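K.L.:
Number of protein chains: 2
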Amino acid sequence: MNKFTDAEREAVYKAIYTRRDVRSFLDKPLPDEAVFRILNAAHHAPSVGFMQPWNFILINHKDVKDKLAWAAEKERKALAIHYEGERETKFLELKVEGLKEAPLTICVTCDPTKGGSHVLGRNSIPETDMMSTACAIQNMWLASCAEGIAMGWVSFYKKNDIRDILDIPPHIDPTALISLGYTDTYPEKPILETVNWEQRQEMEPLIFHNTWGNKEKTASSSQE
Amino acid sequence: MNKFTDAEREAVYKAIYTRRDVRSFLDKPLPDEAVFRILNAAHHAPSVGFMQPWNFILINHKDVKDKLAWAAEKERKALAIHYEGERETKFLELKVEGLKEAPLTICVTCDPTKGGSHVLGRNSIPETDMMSTACAIQNMWLASCAEGIAMGWVSFYKKNDIRDILDIPPHIDPTALISLGYTDTYPEKPILETVNWEQRQEMEPLIFHNTWGNKEKTASSSQE
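If you read the protein sequences in the order shown, they are chains A and B.
Residue numbering for the first sequence follows full-length UniProt numbering, starting at 1 and increasing by one per position.
Residue numbering for the second sequence follows full-length UniProt numbering, starting at 1 and increasing by one per position.
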């Protein structure tokens, strides 16, 4: 197994801990080589049965970005109806303009038909294709962070709007809209924590031992 | 935004490129502090609407590990019926004993009810809770890699078997069974590539520009 020095290990944790969802970008183009490295990081994510279900639609055309922002804004307004009072006001302040501002938008898709009818592992748990795609997106996020490039993941949209705008076949899932760009407003804490929408939970209560809900840590059998 | 030195950036890519799915482990206990750091990395994954849907059941009890391995083995045999000839033989060689060997198994769960009825973003795309959990698992994988600890993600099982064994409530999803441990057989390439089950795809054909299937890269509007 590849050894990591202490400094290398800390660099991995630095990416994990400082990664943020960003919604404001500068109008400054991204180097092609950095974009390539970010996509290559995505492509080296784990995937169920090694199916590699992802594709990447790179969107830099203004008209297309405007249409995506329109779809997200429409969904945002529709969703706002479910929030009332203070939460509604906060919700309406959350921006989707990042989709227009960012020099590059990437639609990450998931093709459930890749690898044929009986993909190893996906046969038992079909949603593992989506989860593989999510791992690819997390790799993109950490790689972007290491490249000094900010990333946002937008999940306000109706999938069929995105299919229509990007000409995506009906069996392909438009899993995520990703904004990439430089920023001068990188949040220290998650935006939703700063605006008091949600707080980070304590970690200890999330952990159980041997069965759900059990807080008692017993000695491992190999140590008995 | 936090600057990464070239060395720090390379360390992040080292984790991304050398991460492997491992199925053979040594009978050697893991340091509690490393396990804590790996779980804390998971807990710092992005989550839709900051819902943090995950819990972690840490399994070190031999009886419980044996039951999980039984459930995985049962599913593996059932699935083998779908593969014929050479593929069946290869399939039957794929091991699930990692679940018994590894000193620690972690069942990562996803609670779709966390954050209430209208989690931001999940209102539009319900499976974003699972995808958040997958991001947490990818963080665990990269953190393990940086810690010199091998990890395997098992997805051969019926979820209700795992609910029964670990006493998980019906509304909670047992998203993944993770094996963690030291190993002396760390694969250089993905196991499924080595056994000629699947090959890594070329990256270039996975990338489109502005619409699905379009290979022509046009100048971005901001550069026009």
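We put the CB at the ideal spot given by N, CA and C, even for glycine.
Since we're looking at a predicted model, the values are computed, not measured.
On the three-state DSSP scale, how would you describe B/Ala102?
P.N.:
Taking the second sequence and counting its residues from 1, the one referred to as residue 102 of chain B is at position 102. Note: B/Ala102 maps to coil in three-state DSSP.
K.L.:
List the residues of chain B whose Cβ lies closer than 8 Å to the Cβ of A/Thr113, in chain order.
P.N.:
Here the question's residue 113 of chain A lines up with position 113 in the first sequence. Going along chain B, no residue has its Cβ under 8 Å from A/Thr113, so there is no contact; the nearest lies around 14 Å.
K.L.:
Excluding five sequence neighbours on each side, which residues of the same chain lie with their C-beta closer than 8 Å to the C-beta of A/Ile16?
P.N.:
Counted from its first residue, the first sequence places residue 16 of chain A at position 16. Only Leu142 meet the Cβ criterion.
K.L.:
How would you write the range of the alpha helix (DSSP H) that B/Met151 sits in, first residue to last?
P.N.:
Taking the first residue of the second sequence as position 1, residue 151 of chain B is located at position 151. Element bounds for B/Met151: not the alpha helix (DSSP H) but the beta strand (DSSP E), Ala150 to Val154.
K.L.:
How long is the line joining the alpha carbons of A/Arg163 and A/Pro170, rounded to whole angstroms?
P.N.:
One-based indexing of the first sequence puts residue 163 of chain A at position 163. One-based indexing of the first sequence puts residue 170 of chain A at position 170. Distance between the alpha carbons of A/Arg163 and A/Pro170 is about 7 Å.
K.L.:
Identify whether A/Ser222 lies in helix, strand or coil by the three-state DSSP scheme.
P.N.:
To locate residue 222 of chain A, count along the first sequence from 1; it is residue 222. The predicted model places A/Ser222 with a pLDDT of 45, which falls under 50 and marks its position as unreliable; any figure quoted below should be read in that light. Helix.
K.L.:
Would you kindly work out how many angstroms separate the C-alpha atoms of B/Thr105 and A/Pro187, rounded to a whole number?
P.N.:
The residue given as residue 105 of chain B occupies position 105 in the second sequence. The residue given as residue 187 of chain A occupies position 187 in the first sequence. When rounded, the distance between both Cα atoms is 35 Å.
K.L.:
Would you call the CB atoms of A/Cys135 and A/Pro53 closer than 8 Å?
P.N.:
Looking up residue 135 of chain A in the first sequence gives position 135. Looking up residue 53 of chain A in the first sequence gives position 53. It is not a contact, given that the beta carbons lie outside the stated cut-off.
K.L.:
Would you give the residue range spanned by the alpha helix (DSSP H) that B/Phe25 belongs to?
P.N.:
Taking the second sequence and counting its residues from 1, one reaches residue 25 of chain B at position 25. Unbroken run through B/Phe25: none, as it is neither H nor E.
K.L.:
Using 8 Å as the limit for Cβ to Cβ distance, is A/Phe25 near chain B?
P.N.:
As a first step, residue 25 of chain A is located in the first sequence; it is residue number 25 there, counting from the start. It does not; no Cβ of chain B falls within 8 Å.
K.L.:
So, helix, strand or coil for A/Pro174, using DSSP?
P.N.:
Reading the first sequence from its first residue, position 174 is the one you call residue 174 of chain A. In the structure shown, A/Pro174 sits in a strand (DSSP, three-state: E or B).
K.L.:
Just checking: is the beta-carbon of B/Glu198 within a distance shorter than 8 Å of some beta-carbon in chain A?
P.N.:
By one-based count along the second sequence, residue 198 of chain B stands at place 198. Using beta-carbon distances, B/Glu198 counts as an interface residue toward chain A, with a partner under 8 Å.
K.L.:
Does A/Ala102 get closer than 8 Å to chain B when you measure Cβ to Cβ?
P.N.:
One-based indexing of the first sequence puts residue 102 of chain A at position 102. Output row for A/Ala102: interface = no.
K.L.:
Give the DSSP-derived three-state secondary structure of B/Thr109 in the structure shown.
P.N.:
On the second sequence, residue 109 of chain B is found 109 positions in, with the first residue counted as 1. Of the three classes helix, strand and coil, the one that applies to B/Thr109 here is strand, per DSSP.
K.L.:
Just checking: is the beta-carbon of B/Pro31 within a distance shorter than 8 Å of some beta-carbon in chain A?
P.N.:
As a position in the second sequence, residue 31 of chain B is number 31, starting the count at 1. No, no contact with chain A.
K.L.:
Could you pull out every residue in the same chain whose Cβ sits closer than 8 Å to the Cβ of A/Thr199, ignoring the five residues on either side in sequence?
P.N.:
Locating residue 199 of chain A in the first sequence gives position 199, counting from the first residue. The question names Thr, but residue 199 of chain A is Gln in the sequence shown. Around A/Gln199: Glu193.
K.L.:
I need the DSSP call for B/Ile38, collapsed to helix, strand or coil.
P.N.:
Counting from one through the second sequence, the residue named residue 38 of chain B turns up at place 38. B/Ile38: helix per DSSP, three-state reduction.
K.L.:
According to the Cβ coordinates, are B/Met203 and A/Leu39 closer than 8 Å?
P.N.:
What you label residue 203 of chain B is simply residue 203 of the second sequence in a count that begins at 1. What you label residue 39 of chain A is simply residue 39 of the first sequence in a count that begins at 1. The answer is yes: Cβ separation under 8 Å.
K.L.:
DSSP puts A/Gly181 in a beta bridge; with which residues?
P.N.:
Within the first sequence, numbered from 1, the residue matching residue 181 of chain A stands at position 181. In DSSP, A/Gly181 forms a bridge with A/Ala150.
K.L.:
Just reading off the beta strand (DSSP E) that A/Leu58 is part of, what are its end residues?
P.N.:
Numbered from its first residue, the first sequence carries residue 58 of chain A at position 58. Element bounds for A/Leu58: Trp54 to Ile59.
K.L.:
In terms of alpha-carbon separation, which member of A/Lys74, A/Gln138 and A/Ile191 lies closest to A/Lys158?
P.N.:
Position 158 of the first sequence, counted from the start, is the residue given in the question as residue 158 of chain A. Here the closest residue by C-alpha is A/Lys74.
K.L.:
Would you list, in chain order, the members of the stretch 122-133 of chain A that have their beta-carbon closer than 8 Å to a beta-carbon of chain B?
P.N.:
Arg122, Asn123, Ser124, Ile125, Glu127, Thr128, Met130, Met131, Ser132 and Thr133
K.L.:
Which one of B/Leu79, B/Asn60 and B/Ala7 has the shortest CA to CA distance from B/Pro103?
P.N.:
As a first step, residue 103 of chain B must be located in the second sequence, where it is residue number 103. Among B/Leu79, B/Asn60 and B/Ala7, the Cα nearest to that of B/Pro103 is on B/Asn60.
K.L.:
What does the alpha-carbon distance come out to for the pair B/Ala34 and B/His43?
P.N.:
For the purposes of this step, residue 34 of chain B is identified with residue 34 of the second sequence, where counting begins at 1. For the purposes of this step, residue 43 of chain B is identified with residue 43 of the second sequence, where counting begins at 1. Going from the Cα of B/Ala34 to the Cα of B/His43 covers about 14 Å.
K.L.:
Could you tell me whether the Cβ of A/Asp167 comes closer than 8 Å to any Cβ of chain B?
P.N.:
Along the first sequence, read from residue 1 onward, the residue named residue 167 of chain A stands at position 167. Flagged as an interface residue toward chain B: A/Asp167, by a C-beta distance shorter than 8 Å.
K.L.:
Where do the N-terminal and C-terminal ends of the beta strand (DSSP E) with A/Ile207 fall, by residue?
P.N.:
Within the first sequence, numbered from 1, the residue matching residue 207 of chain A stands at position 207. Taken as a continuous stretch (DSSP letters only), the beta strand (DSSP E) holding A/Ile207 covers Ile207 to His209.
K.L.:
Would you say B/Ser221 reaches chain A, if we count a Cβ-Cβ gap shorter than 8 Å as a contact?
P.N.:
For the purposes of this step, residue 221 of chain B is taken as residue 221 along the second sequence, with counting starting at 1. Bear in mind that the predicted position of B/Ser221 carries a pLDDT of just 46, short of 50, making it too unreliable to give a figure here.
K.L.:
Tell me whether A/Lys47 sits in a helix, a strand or coil according to DSSP, three-state version.
P.N.:
Position 47 of the first sequence, counted from the start, is the residue given in the question as residue 47 of chain A. The amino acid occupying residue 47 of chain A in the given sequence is Ser; Lys does not appear at that position. Looking at A/Ser47 - three-state DSSP - the assignment turns out to be coil, as it is neither helix nor strand.
K.L.:
State buried or exposed for B/Lys189, treating a residue as buried only when at least 16 other CB atoms are found within 10 Å of its CB.
P.N.:
The residue labelled residue 189 of chain B in the question sits at position 189 within the second sequence. Of the other Cβ atoms in all chains shown, fewer than 16 fall within 10 Å of the Cβ of B/Lys189; this residue is therefore exposed.
K.L.:
Only counting the same chain, and skipping five residues up and downstream in sequence, which positions put a Cβ closer than 7 Å to that of A/Leu26?
P.N.:
Here residue 26 of chain A refers to the residue found at position 26 when the first sequence is read from its first residue. These residues qualify, in order along the chain: Gly181, Tyr182, Thr183 and Asp184.
K.L.:
What does A/Trp70 reach in chain B if we use C-beta pairs closer than 9 Å?
P.N.:
Locating residue 70 of chain A in the first sequence gives position 70, counting from the first residue. In chain order: nothing, as chain B lies at least about 15 Å away.
K.L.:
Is there a Cβ of chain B sitting closer than 8 Å to that of A/Lys14, yes or no?
P.N.:
Within the first sequence, the letter at position 14 stands for residue 14 of chain A. Interface residue, yes.
K.L.:
A/Ile191: which of A/Asp6, A/Tyr13 and A/Thr18 sits nearest, CA to CA?
P.N.:
Numbered from 1 along the first sequence, position 191 holds the residue referred to as residue 191 of chain A. Closest option to A/Ile191, Cα to Cα, is A/Thr18.
K.L.:
Under 9 Å between beta-carbons, which chain B residues line up against A/Val48? List them in chain order, please.
P.N.:
Your numbering for residue 48 of chain A matches position 48 in the first sequence. Simply Trp153 and Ser155.
K.L.:
For chain B, find out if any of its Cβ atoms is closer than 8 Å to the Cβ of A/Lys189; answer yes or no.
P.N.:
For this step, residue 189 of chain A is matched to residue 189 along the first sequence. Answer no: the Cβ-Cβ gap between A/Lys189 and chain B never drops below 8 Å.
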